[in-house]
Amino acid sequence: MSLFHKRRKSYNPWLLPPWLRKIRFFAKSICIPITIFQAIRVVFIPTTGDVLLLFLLALISWLLWTDMI
Numbered sequence: 736m737s738l739f740h741k742r743r744k745s746y747n748p749w750l751l752p753p754w755l756r757k758i759r760f761f762a763k764s765i766c767i768p769i770t771i772f773q774a775i776r777v778v779f780i781p782t783t784g785d786v787l788l789l790f791l792l793a794l795i796s797w798l799l800w801t802d803m804i
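Per our numbering: the sequence shown = residues 736 to 804.
In C-alpha cells, the structure reads:
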C-alpha cells in the first residue's frame with residue numbers, strides 16, 4: 736500500500752450538528768430557484784458580475800446537489 740493513499744471516509748449527513756443539517760436543507764431548497772432566476776436575468780442583461788455570480792451559484796448548486804458540501 737502506498738504512503739500517499741488514504742482511505743476516504745464515507746459521508747453521513749446525520750453525523751453533522753442539527754443546526755448545520757437545517758442550513759444545508761434550506762440551502763438546497765433555495766439555491767436552485769435563485770440560480771434559475773439569475774440565469775434568466777443573465778440572458779436579458781448580461782454583465783460580467785452577473786455572469787460570475789451565475790457561475791458561483793451554479794457551482795454551489797451542483798456541490799449541494801451531489802452532497803459534496
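Heads up, the beta-carbon is just placed ideally off N, CA and C, and yes, glycines get one too.
Whole-number beta carbon distance between residue j and residue i, since they are thought to touch under 8 Å
i	j	result
Phe-787	Gln-773	Rather than Phe, the amino acid found at residue 787 in this sequence is Leu. The pair is not a contact, with the Cβ atoms about 11 Å apart (cut-off 8 Å).
Leu-799	Lys-763	5 Å
Exposure label - residue i; buried when at least 16 CB within 10 Å
i	result
Leu-794	exposed
Closest by C-alpha distance to residue i, when choosing among the options
i	options	result
Val-777	Cys-766, Leu-789, Pro-768, Ile-767	Leu-789
Ile-804	Arg-759, Trp-749, Pro-752	Arg-759
9 Å Cβ cutoff met for residue i and residue j
i	j	result
Pro-768	Arg-756	no
Ser-796	Thr-770	yes
Three-way DSSP call (helix, strand, coil) for residue i in this model
i	result
Ile-767	helix
Asp-785	helix
Ile-795	helix
Leu-750	helix
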